[in-house]
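In the UniProt record's numbering, the protein residues as written are 1 to 317. A virtual CB, placed ideally from N, CA and C, is assigned to each residue, including glycine.
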Amino acid sequence: MTKYTDQGKQDTRSGYGAGMTELGRTNPNVVALCADLVGSLKIETFIEENPERFFQVGIAEANMMGMAAGLTIGGKIPFASTFANFATGRVYDQIRQSIAYSDKNVKICASHAGLTLGEDGATHQILEDIGLMKMLPGMTVINPCDYNQTKAATIAIAEHHGPVYLRFGRPKVANFTPVDQKFEIGKALMLNEGTDVTIIATGHLVWEALIAAESLENQGISAEVINIHTIKPLDDKAILDSVKKTGCVVTAEEHNYLGGLGESVARVLASNHPAPQEFVATQDTFGESGTPEQLMEKYGLNNKAIEEAVLKVLKRK
């Protein structure tokens, strides 16, 4: 069914590193800041090629956000990177006051988001970051699905003026989007057309949605799959066009159902076209230590969970 195939598993954080390498060669205003996690963010090549454009801040994330805000005043485009938990929860006041409120052109780039951080456990597995960031006025929130899309998003946000939160992850996952696909901020991507149900997914759950759609097709259910890589600004039109056709929707994300993609979709539907919706997301809980696969299974964030949600929502049409 699906025209997408796994080109070989890669981690999305390496897509960020590849994007930074390209920006280092093409945009002299891009500078990088990191909070003692260079290896985890895969930005070694950028640093080797542009040592004068890199600032190692150490374990001082709040200072990093303030420095990044200051660098924009001189026309630089700072990419401030660390783990998602430290890039949002630990420094929320600095982001709100110095970056969002001040409308500074800072790119907050967060790796190791969600449960798939794995064995580091609940203290590092932030599942609230999308909600935290999307509620800040003027903040763009992007959650790409694979290596190719993360690389393209990294390059694209350098051209976008204004604060951006770019979320990506640690594990190697299917790399299936076209290598040359143009990344348009705020533009959803139709991956599979269908007539019975809409599946709207983001990040690591996009590939799982495609697997679920293939299984559903074998059961005679036609599932439309949409990749929402930009959670804010949301592509309201793509959502409404699809749900008006199918009559129901399942949202899928590696995030708490409170404050995430699902709630943003529910707002669009409630305001314009109410329809049955099921949420594949964590259920207002913290994570725990385990392999990414174990955690995604336990917390219901995989293709089986999406398939079950589809069967449930179809009964509500």
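Return the residue from the list the options that minimises the CA-CA distance to residue i.
i	options	result
T72	C34, V30, S271	V30
P137	P178, D103, R267, D180	D103
L41	H112, A201, T246, T123	H112
L216	A270, Q125, E308	E308
C248	A270, Q277, G260	Q277
H255	G203, A238, Q294	G203
I239	Q219, L269, R96	L269
G114	T285, D36, Y101	T285
V250	A213, L234, T12, E22	A213
T140	A153, E61, A305	A153
residue 319	G74, G75, I211, A110	This structure gives no information on residue 319, because the portion of the chain shown stretches from 1 to 317.
N143	E52, M20, A252	A252
T246	I199, A69, L261	I199
K317	A281, A275, S14	A275
S222	D6, N148, E61, V310	V310
Y101	M133, G24, K9, K298	M133
Quick check on the DSSP output: the beta strand (DSSP E) that includes residue i runs from which residue to which?
i	result
V257	According to the sequence displayed, residue 257 carries Tyr and not Val. No beta strand (DSSP E) holds Y257; DSSP gives it neither H nor E.
I99	Where I99 is concerned, there is no enclosing beta strand (DSSP E), given that its DSSP letter is neither H nor E.
Q56	54-56
Can you tell me where the alpha helix (DSSP H) with residue i in it begins and where it stops?
i	result
I157	147-159
T21	12-26
residue 331	Outside the displayed range of the chain (1 to 317) lies residue 331, so it cannot be described from this structure.
I306	303-314
L136	Where L136 is concerned, there is no enclosing alpha helix (DSSP H), given that its DSSP letter is neither H nor E.
S289	Per DSSP, S289 belongs to no alpha helix (DSSP H) and is neither H nor E.
A174	Taken as a continuous stretch (DSSP letters only), A174 belongs to no alpha helix (DSSP H), as it is neither H nor E.
L37	No alpha helix (DSSP H) holds L37; DSSP gives it neither H nor E.
Bridge partners for residue i per DSSP, in chain order?
i	result
I77	V30
F83	S111
I199	V225, V250
N192	V225
L166	C109, I142
Q125	BP columns for Q125 are empty, so no partner.
E278	V250
T230	I142
For residue i, count neighbouring Cβ atoms within 10 angstroms of its own Cβ and tell me buried if that reaches 16, exposed if not.
i	result
T291	exposed
P178	exposed
M190	exposed
S264	buried
S271	exposed
E128	buried
N105	buried
M65	buried
N218	exposed
Less than 8 Å between the C-beta atoms of residue i and residue j, yes or no?
i	j	result
A188	I228	yes
K151	A18	yes
E288	G121	yes
F176	Y4	yes
I108	L166	yes
G131	L301	no
N303	E193	no
T230	I157	no
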